[in-house]
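Asks:
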Amino acid sequence: MTSEPSARAPRVPVRKTYKLYIGGKFPRSESGRSYVINSAKGQFLANAALASRKDARDAVVAARAAYPRWSGATAYNRAQILYRIAEMLEGRRDQFVDEVATGEGLSAARAAAAVDAAVDRWVWYAGWADKIAQVYGSSNPVAGPYFNFSTPEPTGVVAVVAPQQSSLLGLVSALAPAIVSGNTAVALASEQRPLPAITLAEVLATSDLPGGVVNLLTGRVAEVSPWLASHMDVNGIDLTGVAGLGNLGADLEQAAAENLKRVKRPPAKEPSWTSADAEGLDRIVDFIETKTVWHPVGV
Amino acid sequence: MAGMKFDYAPAPESRAIVDLKSSYGLFIGGEFVDSRDGRPFKTISPASEEVLAEITEAGPQDVDRAVAAARSAFESTWSGMRPADRAKYLYRVARIIQERARELAVLESLDNGKPIRESRDVDIPLVAAHFFYYAGWADKLSYAGFGPDPRPLGVAGQIIPWNFPLLMLAWKIAPALAAGNTVVLKPAETTPLTALVFAEICQQAGIPPGVVNIVTGAGDTGRTLVEHPGVDKVAFTGSTEVGRMIAKSVAGTGKKVTLELGGKAANIIFDDAPIDQAVEGIVNGIFFNQGHVCCAGSRLLVQESVYDDVLASLKRRLTTLRVGDPLDKNTDIGAINSAAQLARIRELSEVGEQEGAERWSPPCELPDRGFWFPPTVFTGVSQAHRIAREEIFGPVLSVLTFRTPDEAVEKANNTPYGLSAGVWTDKGSRILSIAAQLRAGVVWANTFNRFDPSAPFGGYKESGYGREGGRHGLEAYLDV
Numbered sequence: 058m059t060s061e062p063s064a065r066a067p068r069v070p071v072r073k074t075y076k077l078y079i080g081g082k083f084p085r086s087e088s089g090r091s092y093v094i095n096s097a098k099g100q101f102l103a104n105a106a107l108a109s110r111k112d113a114r115d116a117v118v119a120a121r122a123a124y125p126r127w128s129g130a131t132a133y134n135r136a137q138i139l140y141r142i143a144e145m146l147e148g149r150r151d152q153f154v155d156e157v158a159t160g161e162g163l164s165a166a167r168a169a170a171a172v173d174a175a176v177d178r179w180v181w182y183a184g185w186a187d188k189i190a191q192v193y194g195s196s197n198p199v200a201g202p203y204f205n206f207s208t209p210e211p212t213g214v215v216a217v218v219a220p221q222q223s224s225l226l227g228l229v230s231a232l233a234p235a236i237v238s239g240n241t242a243v244a245l246a247s248e249q250r251p252l253p254a255i256t257l258a259e260v261l262a263t264s265d266l267p268g269g270v271v272n273l274l275t276g277r278v279a280e281v282s283p284w285l286a287s288h289m290d291v292n293g294i295d296l297t298g299v300a301g302l303g304n305l306g307a308d309l310e311q312a313a314a315e316n317l318k319r320v321k322r323p324p325a326k327e328p329s330w331t332s333a334d335a336e337g338l339d340r341i342v343d344f345i346e347t348k349t350v351w352h353p354v355g356v
Numbered sequence: 023m024a025g026m027k028f029d030y031a032p033a034p035e036s037r038a039i040v041d042l043k044s045s046y047g048l049f050i051g052g053e054f055v056d057s058r059d060g061r062p063f064k065t066i067s068p069a070s071e072e073v074l075a076e077i078t079e080a081g082p083q084d085v086d087r088a089v090a091a092a093r094s095a096f097e098s099t100w101s102g103m104r105p106a107d108r109a110k111y112l113y114r115v116a117r118i119i120q121e122r123a124r125e126l127a128v129l130e131s132l133d134n135g136k137p138i139r140e141s142r143d144v145d146i147p148l149v150a151a152h153f154f155y156y157a158g159w160a161d162k163l164s165y166a167g168f169g170p171d172p173r174p175l176g177v178a179g180q181i182i183p184w185n186f187p188l189l190m191l192a193w194k195i196a197p198a199l200a201a202g203n204t205v206v207l208k209p210a211e212t213t214p215l216t217a218l219v220f221a222e223i224c225q226q227a228g229i230p231p232g233v234v235n236i237v238t239g240a241g242d243t244g245r246t247l248v249e250h251p252g253v254d255k256v257a258f259t260g261s262t263e264v265g266r267m268i269a270k271s272v273a274g275t276g277k278k279v280t281l282e283l284g285g286k287a288a289n290i291i292f293d294d295a296p297i298d299q300a301v302e303g304i305v306n307g308i309f310f311n312q313g314h315v316c317c318a319g320s321r322l323l324v325q326e327s328v329y330d331d332v333l334a335s336l337k338r339r340l341t342t343l344r345v346g347d348p349l350d351k352n353t354d355i356g357a358i359n360s361a362a363q364l365a366r367i368r369e370l371s372e373v374g375e376q377e378g379a380e381r382w383s384p385p386c387e388l389p390d391r392g393f394w395f396p397p398t399v400f401t402g403v404s405q406a407h408r409i410a411r412e413e414i415f416g417p418v419l420s421v422l423t424f425r426t427p428d429e430a431v432e433k434a435n436n437t438p439y440g441l442s443a444g445v446w447t448d449k450g451s452r453i454l455s456i457a458a459q460l461r462a463g464v465v466w467a468n469t470f471n472r473f474d475p476s477a478p479f480g481g482y483k484e485s486g487y488g489r490e491g492g493r494h495g496l497e498a499y500l501d502v
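Sequence lines, in order, name chains A and B. Numbers in this note's numbering are just positions in the first sequence, counted from 1, shifted up by 57. Numbers in this note's numbering are just positions in the second sequence, counted from 1, shifted up by 22.
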């Protein structure tokens, strides 16, 4: 005798396993570790992968491997792909509003505002891809018979310690300007609120962004970030997410000095990402190089 | 071999134009003052080892006093001055440098050891040009692309090397002052003299006291300056090793930093390059200024098919180089700047031989006194050799070969440095392709070692960060 299932019993939802995003794939941490992610109200949401030193190094390898193709893509193509990310994010707006509201403890309206701003931020930076060189490059009138010009180029592999409070908008605000110029990135998500970052990885994976251009890690900032800061094949590091974490920022900056990484220092406290000055050319410029080329002029 | 070169009669530039004092104090608050806690040291001519003057190694109290003078000048006069007036002071400085150009050139060659032909025709004209260029920016900062009203940072602590003493001073001071900052500058311990004459020039130009302060000294003085809490901005040109230390010491502070560090530039010769022009470029690339150039083309990459022709032509050309008295107008290669630098060049050259590379120098007589090293070429160099990896900072060229453009790019980029590179080919599309692939801040195509105040200069990777020159050079001195 089997009892009839009650028609009124709620459906048991299929939960998502939150994993890392490395080289376009979604592996678990090689360490086999995970950690509990609770909502802002303290309810269990998921077990996130607890990334290790090895995961960080794998992510750097993936970012380096993706660098030639991404930096060599036309600016127009990069712009289209960033815009495509905005499209995909918009399409999953409700899911992100729900995740951000739950994780950050925001009202639905404020979470929606953050998600909308994240979508718009991708669009804003997408438009910069083919304009940076015109605004930040130059033709130089040298005193001699030489053709001389300066162009911006990406700096290489950039590590991003993502903001701790704003789990989606803060991450996007740091990530989009880092990759729009052709850098590839390894981002360490907000430690306590990493779930929207991994859901964002699903968006990235379906936006024609080549695998490895963005790699996302979840785990302990104090454990993983030193390996990124000291990694000799990382060219720049954004320490925005270290704001308010005591001496960690200074320690990471010291480690970054070993191969003279370009360092975006942590602010005193996490900025408001919805304000207008959260957008700016400066976050692009932080991780570009200027190359000056000379050639004689003559017949 | 000596018969291959024309005999020249000596043609020395007169030293009479230089009026050296026997000893110099520090330039703080607009006047030369005695040190409070420093020690005297001597600066010598590297060509003769004669003592030129006694200089002060500034102590912590001296640095403190200089930073305080700079702070006071920043707040009371310079940052609030009408920008057009700041410009006028800088134009005055540029003019006085032109007026005293010969004196400065002779003094630079005396203290540094570089040929007078270079100090006279390259260093000093570029110094004047740099002040002219940035003078014009002083009242146009709102047009520079950093917002409607970009603000200066405050007091800049600046540390410069010995290879282009006055030119590096100009690269540091001109943009800093144009943007409204005040400065404390430390020249290199072996080449302080032109900076001290520059202090006099500031007096002649009527620059308000404290806007420019010059503290002489060595590493300890520099460290004190970098670590001084009253310094808002650190600008350093020098070795990657010291650059790393500076980057560590400012970690966790709000100090803005720009670093222009070492290099190991590749100079790539393709088989379609005009060989004679390329050889001139190779010689200029590595033997200009005795190879004491951070952007020197110290790794020559020659396409295999023209290797024999290029090497034969290069060696023939090197036999005509004249090594000797820096003040002689016919001299091509002057003195090595210091005994310590000479020791390093010798050591790395010996390592080059031990590691199996073949060493060659043209026959040349070196003077008995002073510090000298003949132009030297190593062939059979592999990428693993130390002479292909480490900056020698002397007249030593390491020659490697390649077959394909991809191999050339890979070898060129196979270094932690990324300051400069050269490419020689007659094919325009190849120039643009190779230039785009080279990870270096300056690429010279069918030329080498050209500099201009309007052209941004600076490195990728471990050659440092920030740019000097051009509109880009202002960014280092503005709160943006």
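A virtual CB, placed ideally from N, CA and C, is assigned to each residue, including glycine. All values derive from a computational prediction rather than experimental measurement.
Mind listing, in chain order, the continuous beta strand (DSSP E) runs of no fewer than 3 residues lying wholly within the stretch 215-292 of chain B?
Replies: Runs found: 234-236, 255-259, 278-282 and 288-291.
Asks: Is DSSP giving Pro34/B helix, strand or coil here?
Replies: DSSP places Pro34/B in strand when its eight states are reduced to three.
Asks: Is there a C-beta anywhere in chain B that falls below 8 Å from the one on Trp351/A?
Replies: Yes - at least one Cβ of chain B is within 8 Å of the one on Trp351/A.
Asks: Comparing the C-beta of Thr199/A with each C-beta of chain B, is any distance below 8 Å?
Replies: The residue asked about is misnamed: residue 199/A is Val in this sequence, not Thr. Answer yes: the Cβ-Cβ gap between Val199/A and chain B drops below 8 Å somewhere.
Asks: Compare the C-beta of Glu346/A against all C-beta atoms of chain B and say whether one is closer than 8 Å.
Replies: Chain B, which has a Cβ nearer than 8 Å to the Cβ of Glu346/A, makes this yes.
Asks: Looking at Tyr140/A and Val180/A, is the spacing between their C-beta atoms short of 8 Å?
Replies: Taking 8 Å as the Cβ cut-off, Val180/A and Tyr140/A qualify as a contacting pair.
Asks: Is there a C-beta anywhere in chain A that falls below 8 Å from the one on Ala300/B?
Replies: Taking Cβ atoms only, chain A never reaches closer than 8 Å to Ala300/B, which makes this a no.
Asks: Please identify the residue among Phe415/B, Tyr482/B, Arg461/B and Val233/B whose C-alpha is closest to the C-alpha of Leu199/B.
Replies: For Leu199/B, the nearest C-alpha among the options comes from Val233/B.
Asks: Look at the Cβ atom of Ile456/B, then the Cβ atom of Ile290/B, and state whether they are nearer than 8 Å.
Replies: For Ile456/B and Ile290/B, yes; Cβs fall inside 8 Å.
Asks: In the DSSP assignment, find the unbroken beta strand (DSSP E) run with Asn272/A in it and report its ends.
Replies: First-last of the beta strand (DSSP E) with Asn272/A: Val271 to Leu274.
Asks: Taking the C-alpha atoms as reference points, what is the distance between Ser442/B and Ala467/B?
Replies: Between Ser442/B and Ala467/B, the C-alpha separation is close to 11 Å.
Asks: Name, going along the chain, the residues of the stretch 150-178 of chain B whose beta-carbon falls closer than 8 Å to a beta-carbon of chain A.
Replies: Listed by position, the residues of the stretch 150-178 of chain B near chain A (Cβ gap below 8 Å) are Ala151 and Gly167.
Asks: Taking C-beta pairs closer than 7 Å, name the residues in chain B that Ala314/A reaches, listed in chain order.
Replies: By Cβ distance, chain B contributes Arg266, Ala269, Lys270 and Ala273.
Asks: How would you list, in chain order, the residues of chain B whose beta-carbon sits under 8 Å from the beta-carbon of Val192/A?
Replies: Ordered by position in chain B, the residues that pass the 8 Å Cβ test against Val192/A are Gly167.
Asks: Can you tell me the Cα-Cα spacing of Met23/B and Pro384/B, whole angstroms?
Replies: For Met23/B, the predicted model reports a pLDDT of 43, less than 50, meaning its position is unreliable and no value from the coordinates is stated.
Asks: Residues of chain A with a CB under 7 Å from the CB of Ile479/B: which are they?
Replies: Reading off the sequence shown, one finds Phe at residue 479/B, where the question assumed Ile. Result: Thr349.
Asks: Which of helix, strand or coil does DSSP assign to Pro211/A?
Replies: Three-state result, Pro211/A: strand.
Asks: Quick one: any contact between the stretch 312-322 of chain A and the stretch 278-291 of chain A, if contact means 3 or more CB pairs under 8 Å?
Replies: The answer is yes - the stretch 278-291 of chain A touches the stretch 312-322 of chain A, with three or more Cβ pairs under 8 Å.
Asks: Let me know if Asp112/A comes out buried or exposed under the rule of 16 or more other beta-carbons within 10 Å of its beta-carbon.
Replies: Answer is buried; the Cβ neighbour count reaches 16.
Asks: Might you give, ordered along the chain, the residues of its own chain that have their beta carbon closer than 6 Å to the beta carbon of Gly160/A, omitting 5 neighbours on each side?
Replies: Within the same chain, Gly160/A has close Cβ partners Ser224, Arg250 and Leu252.
Asks: Does Val464/B come within less than 8 Å of chain A when only Cβ atoms are used?
Replies: Interface residue, yes.
Asks: At a Cβ cut of 7 Å, what residues of the stretch 319-331 of chain A count as close to chain B, listed as they run along the chain?
Replies: Result list: Arg319.
Asks: Does DSSP classify Arg87/B as helix, strand or coil?
Replies: Three-state DSSP puts Arg87/B in a helix.
Asks: To the nearest angstrom, how far is the alpha carbon of Asp29/B from that of His314/B?
Replies: The straight-line gap from Cα to Cα measures roughly 27 Å.
Asks: Is the Cβ of Pro195/A closer than 8 Å to any Cβ of chain B?
Replies: According to the sequence as given, residue 195/A is Ser; it is not Pro. Closer than 8 Å: yes.
Asks: Taking only the alpha-carbon atoms, compute the straight-line gap between Glu484/B and Lys270/B and give it to the nearest angstrom.
Replies: Using only the alpha carbons, I get a separation of about 14 Å.
Asks: With 9 Å as the C-beta to C-beta threshold (strictly closer), list the residues of the stretch 296-314 of chain A near chain B in chain order.
Replies: Cβ contacts with chain B come from Asn304, Gly306, Ala307, Asp308, Leu309, Glu310, Gln311, Ala312, Ala313 and Ala314.
Asks: Please report the straight-line C-alpha distance between His407/B and Asn436/B, rounded to a whole angstrom.
Replies: Each residue's alpha carbon lies about 12 Å from the other.
Asks: Kindly say whether Pro197/B, judged by its beta-carbon, lies nearer than 8 Å to any beta-carbon of chain A.
Replies: Cβ-Cβ to chain A under 8 Å: no for Pro197/B.
Asks: Please tell me whether Met23/B has its Cβ less than 8 Å away from any Cβ of chain A.
Replies: With a pLDDT of only 43 at Met23/B, under 50, the local geometry of the prediction cannot be trusted, and no value is derived from it.
Asks: Please report how far the alpha carbon of Arg135/A lies from the alpha carbon of Gln152/A, in whole angstroms.
Replies: The alpha-carbon atoms of Arg135/A and Gln152/A are separated by roughly 26 Å.
Asks: Note down, in chain order, every chain A residue with its Cβ under 8 Å from the Cβ of Leu281/B.
Replies: Near Leu281/B (Cβ distances below 8 Å), the residues of chain A are Leu317.
Asks: Determine which residues of the stretch 407-432 of chain B have a Cβ less than 8 Å from any Cβ of chain A, and write them out in chain order.
Replies: If the cut-off is 8 Å between Cβ atoms, the stretch 407-432 of chain B has nothing near chain A.
Asks: Locate the alpha helix (DSSP H) running through Leu191/B, then write down its first and last residues.
Replies: Unbroken alpha helix (DSSP H) run through Leu191/B: Pro187 to Ala200.
Asks: Check for me: the alpha helix (DSSP H) holding Phe154/B runs from which residue to which?
Replies: Segment Ile146 to Trp159, the alpha helix (DSSP H) holding Phe154/B.
Asks: Please classify Thr74/A as buried or exposed, where buried requires at least 16 neighbouring CB atoms within 10 angstroms.
Replies: When all chains shown are included, Thr74/A counts as exposed.
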